[in-house]
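Numbering (full-length UniProt numbering), first residue to last: 1 to 119. Every residue, glycine too, gets a C-beta built ideally from N, C-alpha and C.
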């Protein structure tokens with residue numbers, strides 16, 4: 001009988017998510033920041049008992065709740081805009097174009113309450 005993978009499907013999802021973060025391109029620092037944000041988002045999912053096994057299981061409400069929690073922790077809106085931009089790049093790389101759309105009805109900066117911030 002063939003042995004299965006020693007990694008759980010949840011661990012494999014984490015690895016794939018971070019791989020998508022790295023593959024989205026950009027400078028070394030951009031890629032490192034995107035991977036850091038990806039790990040932070042994955043830690044949020046883990047801390048809240050959300051065990052995803054594949055990219056198709058990622059739902060809008062998980063991202064909405066992540067941003068809401070970050071807002072509750074008094075993270076600046078500009079930082080949250082940058083994090084959403086990086087999450088959108090990861091989602092686009094993973095082929096989740098509807099979630100990655102900046103004009104998504106539920107995931108736009110305006111819908112998340114992080115719009116109207118100047119640079």
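| Under a three-way DSSP split, which group does residue 79 fall into? | Helix, per DSSP.
| Is the region 72 to 80 touching the region 17 to 30, taking contact as three or more C-beta pairs under 8 angstroms? | The answer is no - the region 17 to 30 does not touch the region 72 to 80, with fewer than three Cβ pairs under 8 angstroms.
| query | CA-CA distance, residue 52 and residue 35? | reply | When rounded, the distance between both Cα atoms is 18 angstroms.
| task | Give the DSSP-derived three-state secondary structure of residue 104 in the structure shown. | result | Residue 104: coil per DSSP, three-state reduction.
| request: Could you tell me whether the Cβ atoms of residue 63 and residue 39 are closer together than 8 angstroms? | output: Cβ atoms of residue 63 and residue 39: not closer than 8 angstroms.
| field | DSSP three-state assignment for residue 88, whether helix, strand or coil | value | In the structure shown, residue 88 falls within a helical segment according to DSSP collapsed to helix, strand and coil.
| task | Go ahead and label residue 97 buried or exposed: buried means 16 or more other beta carbons lie within 10 angstroms of its beta carbon, across all protein chains shown. | result | In the assembly as shown, residue 97 is an exposed residue. Its beta-carbon has fewer than 16 other beta-carbons within 10 Å.
| query | Can the beta-carbon of residue 58 be found closer than 8 angstroms to that of residue 84? | reply | No, the pair does not count as a contact, with Cβ atoms beyond the cut-off.
| Going by beta carbon distance, what residues of the same chain come within less than 7 angstroms of residue 117, once the five residues before and after it are set aside? | Result list for residue 117: 77, 78 and 81, in chain order.
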